[in-house]
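What follows is the structure, given as structure tokens:
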């Protein structure tokens, strides 16, 4: 499991990729995350938002459907 600092770093990096429309770097970040880390709802929501902004709805939906505890923010990211 990632430390709180790592979770924040990955979340902010994904947000930067989303703002810059840097699809390739965002995918690299996603690939670096362990399966345990991807279970973090903040990281999952950031990944959903990233993939939706990059028009990869299938990948966003895949992450959303695996979320155990869907938050209002996750729903918002899916329907943005």
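Numbering (the numbering used here), first residue to last: 272 to 351.
Positions of the beta carbon are idealized from the N, C-alpha and C atoms, including for glycine.
For clarity, every value in this text was computed on a predicted model and none was experimentally measured.
Rounded to whole angstroms, the separation of the alpha carbons of residue 344 and residue 315 is 10 Å. Here the stretch 281-290 lies against the stretch 316-325, with 3 or more beta-carbon pairs under 8 Å apart. The C-beta distance from residue 301 to residue 318 rounds to 6 Å, short enough to fall under 8 Å. Boundaries cannot be given for residue 341, as no alpha helix (DSSP H) includes it and DSSP labels it neither H nor E.
Residue nearest to residue 298 within the set 312, 339, 330, 280 is 330 (criterion: CA-CA distance).
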